[in-house]
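*Asks:* Quick note: the sequence shown uses the numbering used here, first residue 15, plus one each step.
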Amino acid sequence: METINNEETVTESGSDWAELTQECLINILGRLTLEHRWIGAMLVCKSWLLACKEPCLNSAFDLEPPF
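#1: With C-beta atoms as the reference, is arginine 51 less than 8 angstroms away from cysteine 38?
#2: What three-state label does DSSP hand arginine 45 in the structure shown?
#3: Report yes if the C-beta distance between leucine 43 and leucine 71 is below 8 angstroms; otherwise report no.
#4: Reducing DSSP to helix, strand and coil, say where lysine 67 ends up.
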């Protein structure tokens, strides 16, 4: 973290998660449950929303109750 003129700025060397390719997003999101995709991942950004709506992620449904 750098301090310039009493203002804190954060410098990150990490990647921008919104810049992931569609294939990478689908691979990652495919590991989440349907519930986690719909209540969390879809709200990150527009590219994640579009990836969550991919038909390949929603082709199989588990109809068993969670209890």
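In this text, a Cβ means the ideal position worked out from N, Cα and C, and glycines have one as well.
*Replies:* Reading from the atomic positions:
#1: Their beta carbons are not under 8 angstroms apart, which means arginine 51 does not touch cysteine 38 by this criterion.
#2: Three-state result, arginine 45: coil.
#3: It is a contact, given that the beta carbons lie within the stated cut-off.
#4: The answer is coil: DSSP assigns lysine 67 none of H, G, I, E or B.
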